Amino acid sequence: MLGVVRVRFAPSPTGYLHVGGARTALFNWLYARRHGGTFVLRIEDTDAERSSWDMVQGIVDGLHWLGLDWDEGPDVNGPHAPYFQSQRLEKYREHAQVLVREGKAYADEGAIRFKVPEGQTSFEDLVHGPVRFENEHIENFVILRSDGHPTYHLSVVVDDLDMEITHVVRGDDHISNTPKQVLLYQAFRRTPPAFAHVPLIMGPDKKRLSKRHGATSVMEYPRLGYLPEAMVNFLALLGWSPGGDEELFTRDELVSRFTLEGISGGNAVFNTEKLDWFNQQHMLRLPLDDLAARVEPFLRDAGLWSEEFRDGRRAWFLEVLALLRPRVKRVGQFAEDGRPFFEDAVQYEPDAVKKHMKPELREPFDAWRAVLMSTEPFEPAALEAALRRFAESGGVKAASLIHATRVAVTGRAASPGLFEVIVLVGRERTLARMTSALALFG
Ligand code: GLU
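Every letter in the sequence shown is one number past the one before it in the numbering used here, and letter 31, counting from 1, is 127.
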């Protein structure tokens, strides 16, 4: 069992929380929660010109949405004491002065540079194994700028020491920064934390993930209709594997299985189809009441929401969601697929009408409509049996009648099972739609 685990997520607020940052935050969070440790949020805003409060808020919103709570550091909506590097400048200056006094750094045109000693610098990376750099390839680097602001290397080392960080889990793009940081730890006569550099996230074309591949800001995903449960599951498997073929995990299951050893060295591919699959699977597992709460804002936006869905027609509303759910990949699709239920007017897809409402079907369709008027009970099995009996005795294909009825009732060529749809649309509306659809044949 590990001793105390203290990890951190240390974003620079120069952009919104992107997918790669979210994955880094998630790995740190999972590791902290797995070991009953502490997850620190530290905003690295020493570059005042490129940092903005909007971006801090955006990062915080993204973490909130994903449910990644932190134990120390800024919580804009909560109780935690803030860790903003911009509020800790004095600490970095003091540490730079210590190195100058000890002859390990020197003033150079107002800035302070670290004097890189001869030899080699190595560290053991938990993902990549031993990493070694020749110091002659590392130039004497600036640790404090002439304006008194620290560079990233100094502030990150001072803070990771001060905050007693035990494991630094971050993107592979920082691996080349690590020797400089290790040199600083040595100069301060302190043991560096353990490092785990996580492989970068690539698009399906194996190029580094960028806007070209679609949404990169985490907060675009709720708008696109993804559940945080699905995003967390999907991100967790970008570069980490629990061993075995299982893929579908709840947050708690991820917490209980996460290990740094499970991070693989190969690049992780961001595949939207896979994310859709996770979203679908997590939607299928949500209690219907919970699903209803996620769907509501999308129905409101589409002008399809009714307060009765909460109250008088609650049971009906949940049945509609349950019927639509197996075909839905993103939450917003409930608004689209739900129109035939939530709206009285039907919008007919011209292709569906053309394909399924042939003139010769008009008469049998009309007769079948009359049968529907009196079929009892008004339940899927009874309706289906009635249709098949009718088709057989009337010499029409049951399938043709089903297709035409589907188009008449939903306007579309595809829907969940027709008889379930009819029952939820209701007898009156179904018959009214079939009557108006008579005009569409031929
Ligand atoms: N502020 C750095 C970044 O956003 C953090 C690097 C680190 O985790 O050490 O990339």
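The beta carbon of each residue, even a glycine, is placed where N, CA and C say it ideally should be. Being a predicted model, the structure only gives us computed values, none of them experimental.
Check residue i in the structure and name its three-state DSSP category.
| i | result |
| --- | --- |
| Pro246 | strand |
| Leu498 | Rather than Leu, the amino acid found at residue 498 in this sequence is Ile. Correct three-state label for Ile498: helix. |
| Arg130 | helix |
| Ala106 | coil |
| Phe515 | helix |
| Glu235 | coil |
| Gly358 | helix |
| Tyr202 | strand |
| Trp401 | coil |
| Gln216 | strand |
| Pro288 | coil |
| His224 | coil |
| Trp336 | strand |
| Glu230 | strand |
| Glu488 | helix |
| Arg304 | strand |
| Arg508 | coil |
| Ile87 | Within the shown structure, residues of the chain are numbered from 97 to 538, placing residue 87 beyond reach of any answer. |
| Met298 | strand |
| Phe210 | strand |
| Ala441 | coil |
| Val365 | strand |
| Ser470 | helix |
| Phe537 | coil |
| Ser251 | helix |
| Glu168 | strand |
| Leu380 | helix |
Closest to residue i by C-alpha separation, out of the options, would be which residue?
| i | options | result |
| --- | --- | --- |
| Leu195 | His160, Gly215, Ile155, Ile239 | Ile239 |
| Trp166 | Ile297, Thr110, Gly132 | Gly132 |
| Arg304 | Leu457, Ala364, Arg353 | Ala364 |
| Phe438 | Lys451, Phe486, Glu415 | Glu415 |
| Met530 | Val467, Ala494, Glu475 | Val467 |
| Leu334 | Leu164, Glu475, Phe123 | Phe123 |
| Phe366 | Arg390, Val351, Met327 | Met327 |
| Glu357 | Glu235, Asn236, Pro338 | Pro338 |
| Gly154 | Asp204, Val212, Ala478, Ser108 | Ser108 |
| Ile139 | Val156, Asp301, Phe291, Thr247 | Val156 |
| Pro473 | Phe229, Glu445, Leu296, Gly522 | Gly522 |
| Gln181 | Gly362, Pro246, Pro275 | Pro246 |
| Glu369 | Glu488, Gly99, Gly310 | Gly310 |
| Gln277 | Pro512, Phe237, Gly215 | Phe237 |
| Ser313 | Ala535, Ile518, Ala118 | Ala118 |
| Ala290 | Pro318, Pro275, Met298 | Pro275 |
| Thr110 | Lys493, Asp141, Trp125, Ser496 | Asp141 |
| Pro455 | Lys302, Ser496, Glu488 | Ser496 |
| Pro300 | Gly340, Leu371, Arg285, Arg241 | Leu371 |
| Glu349 | Asp341, Val152, Asn329 | Asn329 |
| Pro288 | Phe229, Ile234, Glu220, Ser306 | Glu220 |
| Gly490 | Glu459, Glu475, His499, Ala478 | Glu459 |
| Pro226 | Ser218, Trp149, Glu343 | Ser218 |
| His114 | Arg228, Glu230, Thr134, Tyr317 | Tyr317 |
Do residue j and residue i count as a contact pair if the criterion is CB distance below 9 Å?
| i | j | result |
| --- | --- | --- |
| Ala106 | Val254 | no |
| His293 | His270 | yes |
| Gly428 | Gly267 | no |
| Leu137 | Leu159 | yes |
| Ala509 | Lys451 | yes |
| Leu395 | Ala418 | no |
| Ala388 | Ala431 | no |
| Phe486 | Phe537 | no |
| Met453 | Ala528 | no |
| Phe210 | Leu257 | no |
| Ala283 | Lys200 | yes |
| Val101 | Ala121 | no |
| Thr471 | Ala463 | no |
| Pro422 | Leu380 | yes |
| Arg347 | Glu325 | yes |
| Val351 | Arg130 | yes |
| Gly206 | Ser242 | yes |
| Leu479 | Leu382 | no |
Assuming residue i and residue j form a contact by the criterion Cβ under 8 Å, report the distance between their Cβ atoms to the nearest whole angstrom.
| i | j | result |
| --- | --- | --- |
| Arg48 | Leu514 | Only positions 97 to 538 of the chain appear in the structure, and residue 48 is not among them; the question remains open. |
| Lys425 | Gln377 | Actually they are not in contact, since the Cβ atoms of Lys425 and Gln377 sit about 10 Å apart, beyond 8 Å. |
| Tyr179 | Met315 | That belief does not hold up - the Cβ atoms of Tyr179 and Met315 are roughly 22 Å apart, past 8 Å. |
| Val442 | Thr506 | 7 Å |
| Leu296 | Gly116 | 7 Å |
| Ile359 | Val103 | Between Val103 and Ile359 the Cβ distance is about 13 Å, and since that is not below 8 Å, they are no contact. |
| Pro512 | Leu420 | 6 Å |
| Arg189 | Gly244 | 6 Å |
| Val212 | Glu235 | 7 Å |
Nearest chain C C-beta to residue i closer than 9 Å, yes or no?
| i | result |
| --- | --- |
| Val212 | Of the protein chains in the structure, only one exists, and it is not chain C. |
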